[in-house]
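If you use this note's numbering, the sequence shown corresponds to residues 969 to 1166, in order.
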Amino acid sequence: MSDLHPFAFRIEREQREKLLQQRAHVFWLTGLSGSGKSTLADRVEQALYAAGFKTFILDGDHLRGGLCKDLGFSPADRTENIRRAGAVCRLLWESGLVVITTFVSPFRRDRDQVRQLFPAGAFSEIYLDAGLAICEQRDPKGLYRKAREGTISDMTGIDSPYEEPLHPELRVKTGQQSPGESADQLLRYLIPIITKTV
969 MSDLHPFAFR IEREQREKLL QQRAHVFWLT GLSGSGKSTL ADRVEQALYA AGFKTFILDG
1029 DHLRGGLCKD LGFSPADRTE NIRRAGAVCR LLWESGLVVI TTFVSPFRRD RDQVRQLFPA
1089 GAFSEIYLDA GLAICEQRDP KGLYRKAREG TISDMTGIDS PYEEPLHPEL RVKTGQQSPG
1149 ESADQLLRYL IPIITKTV
């Protein structure tokens, strides 16, 4: 690592933000499988796109199909998956984009390490709060059923823990409200953050 000498490029994030007319920010959605991360991210991104914001969704399944396809679901592999995701988020943030992620990211220490990649005020942890019973009832990918049948292991919420955020910037109770209501709640939170003022 001592032989690395990153070049000091002259165009900085603040200049990109001025060009894009927005504030770059990372909104880190976390919650159990089935809590609504992808659904909420999709709804919110569509609204932001219509309003002229430049966004990017970094999705857990998409990342595991490429950059992280060598990783499994052991605790160590989950940690490495989130480390890589955080590094990608940092690059996207530096480009001036509004980044929305959809990772289960079950371990607090991993989420905290990602937070430390960003200056204060540039990262928001968004906890999608839906109980295990509701998520298991939804089971959009059939993962809970497979875990109960014993055909897969290390399933978060079944035989692998999910550590709830202690102090998230926003808690969205997706188990108690509709996708539209959840999207509206998140939009009310994030639009003031990413709106560039002259």
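The C-beta atom is built at its ideal place from N, Cα and C for all residues, glycine as well.
Here the structure is a predicted model, which is why all the values come from computation and not from measurement.
Using CA atoms only, rank isn't needed, just tell me which of Leu987, Ala992, Arg984, Gly1002 is closest to Arg1113.
Gly1002
Going by C-alpha distance, which of Phe1021, Gly1099, Arg1079, Leu1031 is nearest Gln1145?
Gly1099
Across which residues does DSSP place Trp996 in a beta bridge pair?
Thr1069, Glu1093
From Phe1169 to Leu1060, what does the alpha carbon distance come to, in whole angstroms?
No answer is possible for residue 1169: the residues shown for the chain start at 969 and end at 1166.
For the region 969-988 and the region 1034-1045, state whether three or more C-beta atom pairs, one from each stretch, are separated by less than 8 Å.
no
For Arg1116, which residues in the same chain have their Cβ closer than 6 Å to its Cβ, ignoring the five residues on either side in sequence?
none
Outcome for Thr1119 when other beta-carbon atoms lying within 10 angstroms are tallied against a minimum of 16
exposed
Residue(s) in a DSSP beta bridge with Ser1128
Thr1124
Taking C-alpha atoms, which residue in Leu1155, Arg1156, Ala992, Gln1153 lies nearest to Ser1063?
Ala992
Separation of Ile1068 from Lys1022, as counted between CA atoms:
11 Å
Cβ shell of Ala1009 (< 7 Å), same chain only, five flanking positions each side left out:
Leu997, Ile1025, Ile1068, Thr1070
Per DSSP, which one or two residues make a beta bridge with Leu1026?
Thr1069
Alpha carbon to alpha carbon, what distance is there between Tyr1095 and Gln1223?
Residue 1223 lies beyond the range of the chain shown here (969 to 1166); nothing can be said about it.
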